[in-house]
Amino acid sequence: MPINYYIFLSLALFCIGIVGVLTRRNAIIIFMCIEIMLNAVNLLLVAFSKMHHLKNAAINATAGTDGQIFVFFIMVVAAAEVSVGLAIIVMMYRNIHSVDVNFLNRLKH
Amino acid sequence: MTGVIGCGVVLASFVLSIMVFLQVKDGHSQVVDYFNFINVGDLKISFAFQLDQLSSLFLLIITGVGFLIHVYSISYMQEENPGQFGRYFSFLNLFIFSMLLLVMGANYVIMFIGWEGVGLCSYLLIGYWFKNNEFNKAANKAFIMNRIGDLAFLIALFWLIAKIGTVSYSEVFSATNLARLKSSDITIITLLLFTGAAGKSAQIPLYTWLPDAMAGPTPVSALIHAATMVTAGIYMIARSNALYSLSQISMNVVAITGLATAILAATIALKQNDIKKVLAYSTVSQLGYMFLALGVGAYSAGVFHVMTHAFFKALLFLAAGSVIHAMGGEQDIRKMGGLSKKIKITYITFLIGCIAIAGIPPFSGFFSKDAILLAVFEHNKILYVIALLGALLTAFYMFRLLFIVFTGAFRGTDEQKDHTHESPGAMTIPMIILAILSVLGGLVGIPEVFMHGGDKLTAFLAPVIPLQAGEIVSHNTELILMAISSLLVIGVVVFAWFLFRKTRFSESKGLGKVLENKWYVDELYEKIFVKPLNKLGAFFNSVFERSVIDDLVNGVGRLVNYGSRQLRLLQSGQVGSYVLLMVVSMVLIFILQFFIRK
Chain V
38 MPINYYIFLS
48 LALFCIGIVG
58 VLTRRNAIII
68 FMCIEIMLNA
78 VNLLLVAFSK
88 MHHLKNAAIN
98 ATAGTDGQIF
108 VFFIMVVAAA
118 EVSVGLAIIV
128 MMYRNIHSVD
138 VNFLNRLKH
Chain U
724 MTGVIGCGVV
734 LASFVLSIMV
744 FLQVKDGHSQ
754 VVDYFNFINV
764 GDLKISFAFQ
774 LDQLSSLFLL
784 IITGVGFLIH
794 VYSISYMQEE
804 NPGQFGRYFS
814 FLNLFIFSML
824 LLVMGANYVI
834 MFIGWEGVGL
844 CSYLLIGYWF
854 KNNEFNKAAN
864 KAFIMNRIGD
874 LAFLIALFWL
884 IAKIGTVSYS
894 EVFSATNLAR
904 LKSSDITIIT
914 LLLFTGAAGK
924 SAQIPLYTWL
934 PDAMAGPTPV
944 SALIHAATMV
954 TAGIYMIARS
964 NALYSLSQIS
974 MNVVAITGLA
984 TAILAATIAL
994 KQNDIKKVLA
1004 YSTVSQLGYM
1014 FLALGVGAYS
1024 AGVFHVMTHA
1034 FFKALLFLAA
1044 GSVIHAMGGE
1054 QDIRKMGGLS
1064 KKIKITYITF
1074 LIGCIAIAGI
1084 PPFSGFFSKD
1094 AILLAVFEHN
1104 KILYVIALLG
1114 ALLTAFYMFR
1124 LLFIVFTGAF
1134 RGTDEQKDHT
1144 HESPGAMTIP
1154 MIILAILSVL
1164 GGLVGIPEVF
1174 MHGGDKLTAF
1184 LAPVIPLQAG
1194 EIVSHNTELI
1204 LMAISSLLVI
1214 GVVVFAWFLF
1224 RKTRFSESKG
1234 LGKVLENKWY
1244 VDELYEKIFV
1254 KPLNKLGAFF
1264 NSVFERSVID
1274 DLVNGVGRLV
1284 NYGSRQLRLL
1294 QSGQVGSYVL
1304 LMVVSMVLIF
1314 ILQFFIRK
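Sequence lines, in order, name chains V and U.
Residue numbering for the first sequence follows our numbering, starting at 38 and increasing by one per position.
Residue numbering for the second sequence follows our numbering, starting at 724 and increasing by one per position.
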């Protein structure tokens, strides 16, 4: 498959993520959108990695899998980050009984 | 104790000066090079002292007369509290120091350091009683007038450096360097130097500070007028005689300015009623004579007059101080009179000073003034007549002062009458010594006509000041001139005696009023320079400072304030808007990068 498809797919996912972050007010949905963006980039990383080592693919079956390994690492870190993020959202709900980010304007002060 | 230290150090320098003088007299004049003072590119200015005939003579005058004035000051300034007393003596010593630096320097830069030093000290001492605002104004006036001259001096220095790249006397006056200078350059340099000298030595148009300098204590006036400060200009021109002799224009300017100052100041002195003001204008007038002598090329006669003038003017000022002391601070001669019996020593010494300054033989003033008049006669007959007139005016106003103060009836209050007493020994002894010097001081320059080789001073100065080969008048003419001037002076004194023996003071009218108001020169300067400058200052203060500078500074502050207030609106605290901004700016960066790549 040509690389273009991967790029377009990632771009589409990333844009969906951005639009989601910008337009939605529910913290959980925003969080999900951020994850979509993250994974769009992950997808791109894997695709580029595979493309980069395309010449060696015939000789070495594992060529170009470094990107995938990186992505695993990123996912692990992202999982940790998600737990922190969710914890924040839980705390937020406890404090203001809502997960609407528009109520979160206290950074101003 | 303060006084002992203050006088002791000056006495020590006087002793050293005598030693130097004796060495120089034996022909051991030398330049002592201490270290490299300024070293820039090709320009090398060393910190060096030059001890030769001219500087050693000035050393003697400065430290000798200075010492006597110091001794006098101990008693005169006794009523000051100890702190002020110490301040007074430290200024006085600094004054002597600066003046010594001025005359000992082996180049114009060292001279300039001393030159500035005496300017500063005169400021400090004129404004010594700084609680009186008038005195402060007088001090400012002296300082500012001197600065005008100093600027000219400084420009002359730069000009010299630019043209021949050296300021040391031995190099500047060497034949090769003089040949390298164009005559126009020499004229400009000498005129600039003369402007500097006019500021320091109180010549037209920068003379008005000297009479105002009377604000200081009387010994300070004596110091400024006799030993230090005003003689600096004469010294500088006498030192630069090699330059001046090459520019006829400058010589004429010096001579005419000197003569004009001599006459102008003498006319003003005729009508002054403050004992110190009369003496001050007389100093200005005598300085005019010295410049006249320099201008006609009789440098040694000018220096001779500096010396005799130092004696009798210091004497007159100290005697005037003694009179003021006796009168309990009164300076107005209209309130004096008949003091001759009460303060006899002061009277006799003052009389000697008057005779000396009037130029009656055989007192010192006669010899030096006659040397000047003779040189002027050789140079130009018209100038001679005017100068002789000035000499008569001198005799007239000095004896007017003498008669008004010391003869007739006492015109002061009864309290002053009882209070009047002779000054203590610390004051009278310096006066007596100066009186002796005023009588005998002229004997170092007896003219050729009376005694062959009698003019020891000119012979002594010959290595520094080459003898002028001019038209020599015959001895007969010289004798006739002397007789004329002496008889006229005595006639004027007798005339003054009849006029002022019984003094009546009336409101002056016409010319007298003009003279009393010093030709309105101060008012004129006030109108032409001071007022417009004040107005300009006020304008810059109110318009430029307030509306331009202040607005600029405040405007910057206000702009930052306003800008930050607007910028603060961006920080809404809304997470969404932050993210939006982030995205927008990222996109912008991408676009920008895209275009820059292209």
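Glycine included, each C-beta is placed from N, C-alpha and C at the ideal position.
Computed from a prediction, not measured in an experiment: that's the story for all the values here.
Checklist entry - Using the C-alpha atoms, what's the distance from V1046/U back to Y1070/U? => result Within the second sequence, residue 1070/U is the residue found at index 347, counting from 1. Within the second sequence, residue 1046/U is the residue found at index 323, counting from 1. Taking the straight line from one Cα to the other gives about 9 Å.
Checklist entry - Below 8 Å, can you find three or more Cβ-Cβ pairs linking the segment 1132 to 1140 of chain U to the segment 1007 to 1018 of chain U? => result no
Checklist entry - Thinking C-beta only, is A949/U closer than 7 Å to K1036/U? => result Along the second sequence, one-based indexing puts residue 1036/U at 313. Along the second sequence, one-based indexing puts residue 949/U at 226. Closer than 7 Å, so yes.
Item to check | Separation of Y967/U from K1246/U, as counted between CA atoms | outcome: Position 523 of the second sequence holds residue 1246/U. Position 244 of the second sequence holds residue 967/U. Checking the sequence, you will find Glu at residue 1246/U rather than Lys. One C-alpha to the other measures close to 34 Å.
Item to check | F68/V versus G57/V - alpha carbon distance | outcome: Locating residue 68/V in the first sequence gives position 31, counting from the first residue. Locating residue 57/V in the first sequence gives position 20, counting from the first residue. Cα to Cα, F68/V sits roughly 9 Å from G57/V.
Item to check | Continuous alpha helix (DSSP H) assignments of at least 4 residues falling wholly in the segment 1157 to 1190 of chain U | outcome: Taking 4 residues as the minimum length, the alpha helix (DSSP H) runs contained wholly in the segment 1157 to 1190 of chain U are 1179 to 1184, in order along the chain.
Next on the checklist: If the criterion is Cβ atoms closer than 7 Å, does the pair I1127/U and I1056/U meet it?
Outcome noted: On the second sequence, position 404 is the one that residue 1127/U refers to. On the second sequence, position 333 is the one that residue 1056/U refers to. Between I1127/U and I1056/U, the gap from beta carbon to beta carbon is short of 7 Å.
Next on the checklist: For a cutoff of 7 Å on Cβ pairs, would you count L1292/U as touching chain V?
Outcome noted: Mapped onto the second sequence, residue 1292/U falls at position 569. Answer no: the Cβ-Cβ gap between L1292/U and chain V never drops below 7 Å.
Checklist entry - In this structure, does DSSP put L123/V in helix, strand or coil? => result In the first sequence, the residue the question calls residue 123/V occupies position 86. Three-state result, L123/V: helix.
Item to check | Backbone secondary structure at F808/U - three-state DSSP | outcome: Locating residue 808/U in the second sequence gives position 85, counting from the first residue. Three-state result, F808/U: helix.
Next on the checklist: So L82/V contacts chain U; which residues on that side make the cut at Cβ distance below 9 Å?
Outcome noted: Position 45 of the first sequence, counting from 1, holds the residue named residue 82/V. Within chain U, no residue comes near L82/V; the closest Cβ sits about 18 Å away, beyond 9 Å.
Checklist entry - Can you tell me the Cα-Cα spacing of T951/U and R1269/U, whole angstroms? => result Numbered from 1 along the second sequence, position 228 holds the residue referred to as residue 951/U. Numbered from 1 along the second sequence, position 546 holds the residue referred to as residue 1269/U. If you take the alpha carbons of T951/U and R1269/U, they lie about 44 Å apart.
Item to check | Selection from L883/U, V1279/U and W852/U that minimises the alpha carbon distance to S906/U | outcome: Residue mapping note: residue 906/U aligns to position 183 of the second sequence, counting from 1. Closest by C-alpha distance to S906/U, out of L883/U, V1279/U and W852/U, is L883/U.
Item to check | Cα-Cα separation, M827/U to L1222/U | outcome: The residue you call residue 827/U lines up with position 104 of the second sequence. The residue you call residue 1222/U lines up with position 499 of the second sequence. Whole-angstrom Cα-Cα distance: 47 Å.
Item to check | Chain-ordered chain U contacts of V119/V [CB-CB under 7 Å] | outcome: Taking the first sequence and counting its residues from 1, the one referred to as residue 119/V is at position 82. None at all; the shortest Cβ gap to chain U is about 18 Å.
Next on the checklist: For F1034/U and G1113/U, what's the separation of their Cα atoms in angstroms?
Outcome noted: If you number the second sequence from 1, residue 1034/U lands on position 311. If you number the second sequence from 1, residue 1113/U lands on position 390. Rounded to the nearest angstrom, the two C-alpha atoms are 20 Å apart.
Item to check | Interface residues of chain U facing N139/V [CB-CB closer than 9 Å] | outcome: For the purposes of this step, residue 139/V is taken as residue 102 along the first sequence, with counting starting at 1. Near N139/V (Cβ distances below 9 Å), the residues of chain U are Q1297, V1298 and G1299.
Checklist entry - Quick one: does L1303/U have its CB under 7 Å from some CB of chain V? => result Taking the first residue of the second sequence as position 1, residue 1303/U is located at position 580. Taking Cβ atoms only, chain V reaches closer than 7 Å to L1303/U, which makes this a yes.
Item to check | Simplified DSSP state of V755/U, which is helix, strand or coil | outcome: Here residue 755/U refers to the residue found at position 32 when the second sequence is read from its first residue. DSSP places V755/U in strand when its eight states are reduced to three.
Checklist entry - Mind checking Q52/V: buried by the 16 CB within 10 Å criterion, or exposed? => result On the first sequence, residue 52/V is found 15 positions in, with the first residue counted as 1. It should be noted that the sequence gives Cys, not Gln, for residue 52/V. Answer is exposed; the Cβ neighbour count stays below 16.
Next on the checklist: So the candidates are G1165/U, T931/U, A1098/U and G840/U; which of them puts its Cα closest to the Cα of V1029/U?
Outcome noted: Sequence index remark: in the second sequence, residue 1029/U carries index 306 (1-based). Cα-wise, what sits closest to V1029/U is G1165/U.
Item to check | Proximity test, Cβ basis, 7 Å: V1279/U and chain V | outcome: Here the question's residue 1279/U lines up with position 556 in the second sequence. No - not a single Cβ of chain V is within 7 Å of the one on V1279/U.
Item to check | Between the CA atoms of A875/U and L739/U - distance to the nearest angstrom | outcome: Looking up residue 739/U in the second sequence gives position 16. Looking up residue 875/U in the second sequence gives position 152. Cα-Cα distance, rounded: 33 Å.
Checklist entry - Is Q1294/U helix, strand or coil when you go by DSSP? => result Sequence index remark: in the second sequence, residue 1294/U carries index 571 (1-based). Q1294/U: coil per DSSP, three-state reduction.
Checklist entry - Fully enclosed by the segment 728 to 800 of chain U, which alpha helix (DSSP H) runs are 4 residues long or longer? => result 776 to 799
Checklist entry - How would you call M1332/U, buried or exposed, if buried means at least 16 neighbouring beta carbons within 10 angstroms? => result Examination of residue 1332/U is not possible in this model, given that chain U is present from 724 through 1321 alone.
Checklist entry - Are the C-beta atoms of L59/V and some chain U residue less than 7 Å apart? => result Numbered from its first residue, the first sequence carries residue 59/V at position 22. Answer yes: the Cβ-Cβ gap between L59/V and chain U drops below 7 Å somewhere.
Checklist entry - Among A1098/U, G1052/U and M1309/U, which one has its Cα closest to the Cα of S1146/U? => result By 1-based counting over the second sequence, the position of residue 1146/U is 423. Nearest of A1098/U, G1052/U and M1309/U to S1146/U, Cα basis: G1052/U.
Item to check | C-alpha gap between R1123/U and N762/U, whole angstroms | outcome: Position 400 of the second sequence, counted from the start, is the residue given in the question as residue 1123/U. Position 39 of the second sequence, counted from the start, is the residue given in the question as residue 762/U. When rounded, the distance between both Cα atoms is 56 Å.
Item to check | Best match in G1060/U, I912/U and E1138/U for proximity to F1129/U [C-alpha to C-alpha] | outcome: Counting from 1 along the second sequence, the entry for residue 1129/U is found at position 406. Cα-wise, what sits closest to F1129/U is G1060/U.
Checklist entry - Would you say I44/V faces chain U, with C-beta separation under 7 Å as the test? => result The residue labelled residue 44/V in the question sits at position 7 within the first sequence. It does not; no Cβ of chain U falls within 7 Å.
Checklist entry - Looking at the structure shown, is S821/U part of a helix, part of a strand, or coil, going by DSSP? => result Indexing the second sequence from 1 puts residue 821/U at position 98. In the three-state DSSP reduction, S821/U falls in the helix class (H, G or I).
Next on the checklist: Residues of the segment 48 to 75 of chain V in Cβ contact with chain U at a cutoff of 7 Å, in chain order, please.
Outcome noted: I55, V58 and L59
Next on the checklist: Based on DSSP bridge pairs, tell me the residues matched to D137/V.
Outcome noted: As a working mapping, residue 137/V is identified with position 100 in the first sequence. Paired residue(s): N63/V.
Item to check | Terminal residues of the alpha helix (DSSP H) in which Y1248/U lies | outcome: Numbered from its first residue, the second sequence carries residue 1248/U at position 525. Run containing Y1248/U: V1244 to Y1248, per the alpha helix (DSSP H) assignment.
Checklist entry - What are the partner residues of N830/U, as DSSP defines its beta bridges? => result For this step, residue 830/U is matched to residue 107 along the second sequence. The partner list for N830/U (beta bridge, DSSP) reads S891/U.
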